[in-house]
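Same order as they appear, the protein sequences are chains A and B. The opening position of the first sequence corresponds to residue 1 in full-length UniProt numbering, with each subsequent residue numbered one higher. The opening position of the second sequence corresponds to residue 1 in full-length UniProt numbering, with each subsequent residue numbered one higher. We treat Cβ as the ideally placed atom computed from N, Cα and C, and that holds for glycine. As the structure is a prediction and not an experimental result, all values here were calculated from the model.
There are 2 protein chains.
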Amino acid sequence: MTNEAKTNQEETTQQDTQEEVVEEVFAEEVEEDTTTEGSTNELTAKLEESENKYLRLRADFDNYRRRVQLDEEANKKFRAQSLVTDLLTSLDNFERALQVETENEQTQSLLQGMEMVYRGIQDALKREGVEEIDAQGAAFDPHLHQAVMQESTPDAEPNTVTAVFQKGYKLHDRVIRPAMVKVNE
Amino acid sequence: MTNEAKTNQEETTQQDTQEEVVEEVFAEEVEEDTTTEGSTNELTAKLEESENKYLRLRADFDNYRRRVQLDEEANKKFRAQSLVTDLLTSLDNFERALQVETENEQTQSLLQGMEMVYRGIQDALKREGVEEIDAQGAAFDPHLHQAVMQESTPDAEPNTVTAVFQKGYKLHDRVIRPAMVKVNE
Chain A
1 MTNEAKTNQE
11 ETTQQDTQEE
21 VVEEVFAEEV
31 EEDTTTEGST
41 NELTAKLEES
51 ENKYLRLRAD
61 FDNYRRRVQL
71 DEEANKKFRA
81 QSLVTDLLTS
91 LDNFERALQV
101 ETENEQTQSL
111 LQGMEMVYRG
121 IQDALKREGV
131 EEIDAQGAAF
141 DPHLHQAVMQ
151 ESTPDAEPNT
161 VTAVFQKGYK
171 LHDRVIRPAM
181 VKVNE
Chain B
1 MTNEAKTNQE
11 ETTQQDTQEE
21 VVEEVFAEEV
31 EEDTTTEGST
41 NELTAKLEES
51 ENKYLRLRAD
61 FDNYRRRVQL
71 DEEANKKFRA
81 QSLVTDLLTS
91 LDNFERALQV
101 ETENEQTQSL
111 LQGMEMVYRG
121 IQDALKREGV
131 EEIDAQGAAF
141 DPHLHQAVMQ
151 ESTPDAEPNT
161 VTAVFQKGYK
171 LHDRVIRPAM
181 VKVNE
């Protein structure tokens with residue numbers, strides 16, 4: 001008797017179809033005649049409700065599966081984001097340390113070893129999808145660059161980056177740190 | 001009529017319940033008597049089949065959701081594994097480069113800067129769940145250590161690690177590289 005109100009309308013149209021079936025069977029089984037059209041209609045309505053419930057659940061399931069798949073793809077693409085972000089400060093310090101100018105042979109040899117290490121780290125990051133943001137000389141783009149200084153010089157095109165104070169990085173198409181730059185007005 | 005064979009057995013037990021309902025309704029609606037017990041039984045069987053189909057789908061959906069949740073937890077825990085594994089060679093080279101002994105002030109200053117960078121990278125890895133495997137002096141464990149040499153010395157306990165040629169690393173509870181060691185027989 002539940003859902004009856006909801007299915008009353010469906011019942012009316014169902015009834016026609018049901019009556020056809022009923023008349024066919026009637027001829028053979030008339031002697032066992034202990035049911036009524038009312039209970040048949042009720043059962044038909046319940047069956048329809050049950051089938052609808054199944055179809056709604058199947059649609060929910062399909063949507064859920066699709067969403068899980070999209071989530072998995074995004075998660076895989078950006079899985080290293082927290083570690084990468086965490087490593088950027090070390091990369092900055094690494095680059096700064098490599099700026100030493102020296103005539104001393106031992107220092108030069110240490111620098112060479114450290115440059116190899118630096119490139120190894122950069123290569124590992126590139127393989128994960130990390131990319132440096134082009135900044136020096138580029139047209140200023142507020143999505144990629146953070147302007148921390150402005151200047152007005154006729155030597156450079158207006159609205160271009162004239163200096164980079166800190167490198168910016170993207171992971172795939174996502175900016176994980178904008179470049180800190182000086183912009184020509 | 002589909003699934004009829006499958007539900008024939010269920011129909012038999014359903015029939016009893018159905019007959020009770022039918023008898024109640026019969027009294028009021030006897031004048032519209034155009035249905036048969038046969039079609040009612042058939043509908044009841046179909047309804048039961050439909051409800052079972054729904055319950056099976058719901059169980060599948062629940063299992064799928066549980067599995068997705070477990071997958072997500074594991075993926076989150078080990079999300080950085082490929083980048084970490086890729087960085088281990090650079091870490092090895094970094095450590096080797098830091099072994100320089102020097103009296104030169106400029107080299108010392110560069111070394112200090114590089115040690116800071118190294119610690120920064122180590123800290124970032126630790127925050128992601130990366131841990132060095134204890135090896136030197138530990139009891140040999142084939143899950144954590146890879147024996148590349150054996151020796152027989154009375155100075156050390158038998159079956160302990162007497163030298164580490166390459167550090168091993170774990171990510172959470174997962175060994176991502178065993179330590180390469182020398183073992184006392």
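Within chain B, partners of residue i - CB distance below 7 Å
i, result
"D173(A)", "Those within 7 Å of D173(A) in chain B number zero; the least Cβ separation is about 18 Å."
"E54(A)", "The identity of residue 54(A) in the sequence shown is Tyr, whereas the question assumes Glu. Those are S50, K53, Y54, L57, listed as they occur along chain B."
"A97(A)", "L110, G113, M114, V117"
"N75(A)", "N75"
Cβ pair residue i, residue j closer than 9 Å
i, j, result
"S90(B)", "V84(A)", "no"
"T40(B)", "S39(A)", "yes"
"residue 186(A)", "L144(A)", "Look at the range of chain A in this structure, 1 to 185, and you will see that residue 186(A) is not part of it."
"L57(A)", "Y64(B)", "no"
"K167(A)", "I121(A)", "no"
"Q150(A)", "E95(A)", "no"
"V175(B)", "F140(B)", "no"
"E128(B)", "S82(A)", "yes"
"R79(A)", "N52(B)", "no"
"residue 202(A)", "M114(A)", "Residue coverage of chain A in this structure runs from 1 to 185, which leaves residue 202(A) outside it and unanswerable."
"N160(A)", "V183(A)", "A small fix is needed here, since residue 160(A) is Thr in this sequence, not Asn. Contact: yes."
"L171(A)", "K46(A)", "no"
"L110(B)", "L111(A)", "yes"
"L70(A)", "L43(B)", "no"
"D60(A)", "F165(B)", "no"
"L88(A)", "R177(A)", "yes"
"V100(B)", "V68(A)", "no"
Neighbouring residues, chain A, relative to residue i (Cβ below 9 Å)
i, result
"I176(B)", "Within 9 Å Cβ-Cβ: nothing; I176(B) doesn't reach chain A, min ~13 Å."
"V100(B)", "Q106, S109, L110, G113"
Partner residues on chain A for residue i, Cβ-Cβ distance less than 8 Å
i, result
"residue 186(B)", "In the structure as shown, chain B starts at 1 and stops at 185, and residue 186(B) therefore has no counterpart that could be examined."
Chain-ordered neighbours of residue i on chain A, where CB pairs are closer than 7 Å
i, result
"N63(B)", "Near N63(B) there are no residues of chain A at all, since even the closest Cβ is about 11 Å away, more than 7 Å."
"N93(B)", "M116, V117, G120"
Chain B contact residues for residue i, given Cβ-Cβ distances below 8 Å
i, result
"A80(A)", "R79, A80, S82, L83"
Where residue i meets chain B, residues with beta-carbon distance less than 9 Å
i, result
"T89(A)", "G120, A124"
"residue 193(A)", "The structure shown does not extend to residue 193(A), since chain A is modelled only from 1 to 185, so the question has no answer here."
>> Any C-beta of chain A within less than 8 Å: which residues of the stretch 159-171 of chain B qualify?
In response: Those residues of the stretch 159-171 of chain B that come within reach of chain A (Cβ to Cβ, closer than 8 Å) do not exist; the list is empty.
>> So if I threshold CB-CB distances at 7 Å, which residues from the stretch 133-145 of chain A count as touching chain B?
In response: Under the 7 Å Cβ criterion, the stretch 133-145 of chain A contributes no residue.
> Of all the alpha helix (DSSP H) runs that stay within the bounds of the stretch 67-128 of chain A, which reach a length of 4 or more residues?
Replying inline: Counting only runs of 4 or more, we get 81-97, 105-127.
> Closer than 7 Å, Cβ to any Cβ of chain B: which residues of the stretch 36-47 of chain A, in chain order?
Replying inline: T36, E37, G38, S39, T40, L43, T44, K46, L47
> At a cut of 8 Å, does the stretch 146-166 of chain A reach the stretch 98-109 of chain B through at least three beta carbon pairs?
Replying inline: no
>> Using a Cβ-Cβ cutoff of 7 Å, what residues of the stretch 117-128 of chain B are near chain A? List them in chain order.
In response: Here the close residues are V117, G120, I121, A124, R127, E128.
>> Which complete beta strand (DSSP E) runs does the stretch 146-184 of chain B hold, if anything under 3 residues is left out?
In response: 161-166, 169-171, 174-177, 179-184
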